[in-house]
Structures are given as structure tokens and as C-alpha cells.
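Data first, discussion second: the structure below is written as C-alpha cells.
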Amino acid sequence: NAGVTQTPKFQVLKTGQSMTLQCAQDMNHNSMYWYRQDPGMGLRLIYYSASEGTTDKGEVPNGYNVSRLNKREFSLRLESAAPSQTSVYFCASSGRQGIVQPQHFGDGTRLSIL
Amino acid sequence: QKEVEQDPGPLSVPEGAIVSLNCTYSNSAFQYFMWYRQYSRKGPELLMYTYSSGNKEDGRFTAQVDKSSKYISLFIRDSQPSDSATYLCAMSDNYGQNFVFGPGTRLSVLP
Chain A
445 NAGVTQTPKF
455 QVLKTGQSMT
465 LQCAQDMNHN
475 SMYWYRQDPG
485 MGLRLIYYSA
495 SEGTTDKGEV
505 PNGYNVSRLN
515 KREFSLRLES
525 AAPSQTSVYF
535 CASSGRQGIV
545 QPQHFGDGTR
555 LSIL
Chain B
831 QKEVEQDPGP
841 LSVPEGAIVS
851 LNCTYSNSAF
861 QYFMWYRQYS
871 RKGPELLMYT
881 YSSGNKEDGR
891 FTAQVDKSSK
901 YISLFIRDSQ
911 PSDSATYLCA
921 MSDNYGQNFV
931 FGPGTRLSVL
941 P
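So the protein lines, in turn, are chains A and B. Quick note: the first sequence uses the numbering used here, first residue 445, plus one each step. Quick note: the second sequence uses the numbering used here, first residue 831, plus one each step.
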């Protein structure tokens, strides 16, 4: 059982380049999330999708876009990467909408922007 | 004031010690409380999940919630070197769309 799978695991970009981080879950979860984790700041929510077809901004959405491709997949796109977006990005999913369930995380994408 | 406060550590203890990890929070709407363990270069892994006040035990781990004080704790008994990791607390309101994480406490258990 893979759980939450993130690709790629590592990436180095130059300022201004774009890229898409991929996330897929096999737990039939309705809700999916994108976080960034920076030293001393903990996990900060970028965007979330409560269900297929919906997305909402989190705490730090500027510079990012998301797509909930289907129930399994939720991608995060950086249109024009900036050094401030150097971080570790985590995707998470949680169970049925309307009942609070804990989130389950992937192992992250380590992104460096030069 | 941050919504969730957690001592970042690092906390170093000898093998076999009882470890106490704590978080305080300010939002009285939080009803669901979680503890995650995060090893270096890995994602957070769910350890404990509790609703409202009280205690929950799972093996060597005990989670405690005191909503009147807005204070939650995780106790680890008979700590092992394999428990060395960063521990994150997390909490949510009844709607599940406002998950808030603490910054994490780094724990080292020395053999």
C-alpha cells in the first residue's frame, strides 16, 4: 500500500523557471493538501482540495497554483520560481469530507531555487 | 501569538527515559488533536489521534489533552534510540478544514 506518493523527490530550478509537483494517493481520500515546511516555521498550508473539483487557498498561496486532476491526484505548480520558494513540499490526504480525519503525508519534494 | 506553540528543543534524553512533549494553543474551537513523528528526510507519520479532552494510550505512547488549559502532551515510556525524530503536534476544529501544526520538537534518545 503506497499511501501518498510524491514526485519528484528532489529538484533544482533556476529563478523564473516553472515546474509542477505531482501527488497521488491510493486511500480513496476526498481531501488533499499541499504544505511547505521551512526550518523553524513548521508546516504551512499552501492550498487544499476538500473534494474532487474544489480547491481553496491556504495560509501561503502566493506564487502557486493547484489542480485537482481527479480524486487520486493533486498537483502543485510554480509558474515562475523564486528563491523564497526553496523549501520542502509535502502533500497530504485525509478521509471522508464532513468527518475530521487525520492527514497522511507523502515523503516530500525537496526543491531548491537558485 | 501563534495559534500553536511548541518548544523546538532539541531535547536529549538517555535510553529508557520517560519523555514528555507538549503543545499549547489559543483557539478554543480545536477539538481534534494529533501527534506526528517525522524522521529526517521523511514525511510526518501519524502517531496518535484524539478527540476532545482525556487520555489515549497506544503501546509506549500516551496522548493527553487538557482543553481547559489549552494544553496537550505526548508521553513516551521506555524511550529508544529509534524514537529520535521531530515530533509535531496538530489540531483541528470540528470542520476539518483548519488543521494547524506546531513547529515540532526535535528529540534525541541517546544509547
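Just so you know, even glycine gets a beta-carbon here, dropped at the ideal spot from N, CA and C. Only a predicted model underlies this, so the values are computations on that prediction, with no experimental measurement involved.
{"query": "Whole-angstrom distance between Ser-914/B and Met-463/A, CA atom to CA atom", "result": "34 Å"}
{"query": "Beta-bridge pairing of Asn-509/A - partner residues as DSSP gives them", "result": "Arg-521/A"}
{"query": "Per DSSP, cross-strand counterpart(s) of Gly-486/A", "result": "Asp-482/A"}
{"query": "Pick from Gln-861/B, Thr-854/B, Tyr-855/B that is closest to Tyr-780/B, judged by C-alpha positions", "result": "Past the boundaries of the shown model lies residue 780/B; chain B is included only from 831 to 941, so the question cannot be answered."}
{"query": "Cβ neighbour criterion (16 or more within 10 Å) applied to Phe-534/A", "result": "buried"}
{"query": "Within the region 860-921 of chain B, ranges of the beta strand (DSSP E) (whole runs, at least 3 residues)", "result": "862-868, 875-881, 884-888, 891-896, 901-906"}
{"query": "Span separating the alpha-carbon of Ala-468/A from that of Ser-493/A", "result": "13 Å"}
{"query": "Gln-455/A - DSSP class collapsed to helix/strand/coil", "result": "strand"}
{"query": "is_contact[Lys-872/B, chain A] using C-beta, thresh 8 Å", "result": "yes"}
{"query": "Assigned exposure category for Ala-536/A - 16 Cβ within 10 Å defines buried", "result": "buried"}
{"query": "Proximal chain A residues relative to Leu-876/B, where beta-carbon distance stays under 9 Å", "result": "Pro-546, Gln-547, His-548, Phe-549"}
{"query": "Residues near Pro-933/B by beta carbon distance below 7 Å, same chain, minus five either side", "result": "Gln-836, Pro-838"}
{"query": "Inter-residue spacing [alpha-carbon to alpha-carbon] between Glu-887/B and Arg-907/B", "result": "11 Å"}
{"query": "For Tyr-917/B and Arg-871/B, believed in contact at Cβ under 8 Å, the rounded distance", "result": "Going by Cβ atoms, the distance from Arg-871/B to Tyr-917/B rounds to 16 Å, so no, they are not a contact pair."}
{"query": "Element boundaries [beta strand (DSSP E), containing Gln-469/A]", "result": "463-469"}
{"query": "CB contact check: Met-921/B to chain A, cutoff 8 Å", "result": "no"}
{"query": "Chain-order list of residues whose beta-carbon lies under 8 Å from that of Glu-496/A (same chain, five-residue window excluded)", "result": "Asn-474, Arg-512, Asn-514, Lys-515"}
{"query": "Leu-940/B: first and last residue of the uninterrupted beta strand (DSSP E) it sits in", "result": "935-940"}
{"query": "Chain B contact residues for Met-485/A, given Cβ-Cβ distances below 8 Å", "result": "Pro-933"}
{"query": "Where Ser-495/A sits in the DSSP three-state scheme", "result": "coil"}
{"query": "Own chain partners of Val-930/B with C-beta closer than 8 Å, once the 5 adjacent residues on each side are dropped", "result": "Glu-833, Val-834, Tyr-855, Asn-857, Phe-860, Ala-920, Met-921, Ser-922"}
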